[in-house]
Structure formats: C-alpha cells, structure tokens
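>
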C-alpha cells in the first residue's frame with residue numbers, strides 16, 4: 658500500500674488492484690449467470706486462456722472461449738461464483754494477478770448447489786483500455802489426505 662499522501666500509479670486509475678479484480682469478477686459472474694455470451698467474451702484479451710476443472714475445459718483465444726462458453730450456456734444448469742474473499746493480488750506494471758477461495762453456485766431449476774471453488778487469473782490493461790483477462794481459471798479443490 659502506498660504511504661499516506663502518495664499518488665497512485667495512473668495504470669490503476671481511481672481503483673486499487675483489488676477493486677479492479679473484484680469488479681472484473683463481479684462482471685464475469687453476472688454475465689455467466691445471465692448467459693450473456695458477448696459480454697462474457699468481451700472480458701477476455703484476444704489471446705486469453707480459460708481453464709476449468711474438467712480435462713476438456715481449456716479454451717485459448719476469444720473464438721475458442723466463445724465456443725466453450727456457448728456449450729456451457731446450452732446446459733440446463735446456470736452457474737455463477739460468489740464469496741471470493743480473501744482475494745490475493747499482485748501487480749507488475751499493467752498486469753494484475755489474483756487467486757481466491759470462492760463458491761461456485763450451480764442452479765438446476767429450483768435446486769441450488771454450493772460448491773467450494775478457487776478462482777485465479779491474470780488481468781492486463783493495454784494502453785488506457787479496459788482490464789482484460791489474459792488467464793481465467795476456476796477449479797474445484799479435492800480433499801487431501
């Protein structure tokens with residue numbers, strides 16, 4: 658954290674890196690829950706990578722990410738995430754990385770399933786444009802010994 662009275666780097670504007678990550682996570686969670694394909698894909702860098710828990714959940718580049726999300730959105734269940742505290746972030750220049758424990762919310766009709774989850778990713782800001790996901794990973798932790 659910067660000392661009192663210090664100015665924040667212009668790379669982050671008025672938001673802290675943690676606030677930027679929270680904003681992006683809130684937006685992608687909402688877009689996925691509403692099955693808003695265009696809005697969800699727009700959060701990714703053109704060379705972005707989306708990785709999930711299943712072996713087939715690997716999508717590189719926005720065209721493949723769009724195909725992957727279209728398959729996900731075609732399922733009868735809806736998905737979203739919540740409770741991504743505590744959020745750990747780091748930065749280098751115009752790059753932010755994050756990892757957090759979270760909860761995956763899977764809804765199938767009237768049934769709601771809450772699943773322990775982990776979210777991680779890398780955001781990059783190109784010039785003065787929006788923060789875009791270079792990497793977004795969601796995974797279900799497995800019980801240890």
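Numbering (this note's numbering), first residue to last: 658 to 802.
Beta carbons are placed, not taken as given, at the ideal position from N, Cα and C, and that holds for glycine.
Please read these numbers as outputs of a predicted model, since none were measured by experiment.
Counting C-beta neighbours from all protein chains within 10 Å, is the total for residue 725 16 or more, i.e. buried, or is it exposed?
Position 68 of the chain shown, counting from 1, holds the residue named residue 725. Buried, because 16 or more other Cβ atoms sit within 10 Å of the Cβ of residue 725.
> So residue 759 is in the beta strand (DSSP E); what residue range does that whole segment cover?
On the chain shown, residue 759 is found 102 positions in, with the first residue counted as 1. That run of the beta strand (DSSP E) goes 752-765.
> Beta-carbon separation of residue 730 and residue 789 under 8 angstroms?
The residue labelled residue 730 in the question sits at position 73 within the chain shown. The residue labelled residue 789 in the question sits at position 132 within the chain shown. The answer is no: Cβ separation not under 8 angstroms.
> Who are the Cβ neighbours of residue 716 in its own chain at under 6 angstroms, not counting the five residues just before and after it?
As a position in the chain shown, residue 716 is number 59, starting the count at 1. Answer for residue 716: 707, 722, 725, listed in chain order.
> By DSSP, does residue 795 sit in helix, in strand, or in coil?
As a working note, residue 795 is residue 138 in the chain shown. In this structure, residue 795 counts as strand in the three-state DSSP scheme.
> Going by the CB atoms, is the gap between residue 719 and residue 698 shorter than 8 angstroms?
The residue you call residue 698 lines up with position 41 of the chain shown. The residue you call residue 719 lines up with position 62 of the chain shown. Taking 8 angstroms as the Cβ cut-off, residue 698 and residue 719 qualify as a contacting pair.
> Based on DSSP bridge pairs, tell me the residues matched to residue 772.
Against the chain shown, residue 772 aligns to sequence position 115. Answer by DSSP bridge pairing, in chain order: 761.
> Looking at the secondary structure, which residues open and close the beta strand (DSSP E) in which residue 801 lies?
In the chain shown, residue 801 corresponds to position 144, counting from 1. Careful: residue 801 lies outside any beta strand (DSSP E) and carries neither H nor E.
> Helix, strand or coil: which one does DSSP assign to residue 673?
Here the question's residue 673 lines up with position 16 in the chain shown. Residue 673: coil per DSSP, three-state reduction.
> Which residue wins for smallest C-alpha separation from residue 769, given the options 753, 734, 742?
In the chain shown, residue 769 corresponds to position 112, counting from 1. For the residues 753, 734, 742, the minimum Cα distance to residue 769 belongs to 734.
> Buried or exposed for residue 750, please, with buried defined as at least 16 other CB atoms from any protein chain shown within 10 angstroms of its CB.
Along the chain shown, read from residue 1 onward, the residue named residue 750 stands at position 93. It counts as exposed.
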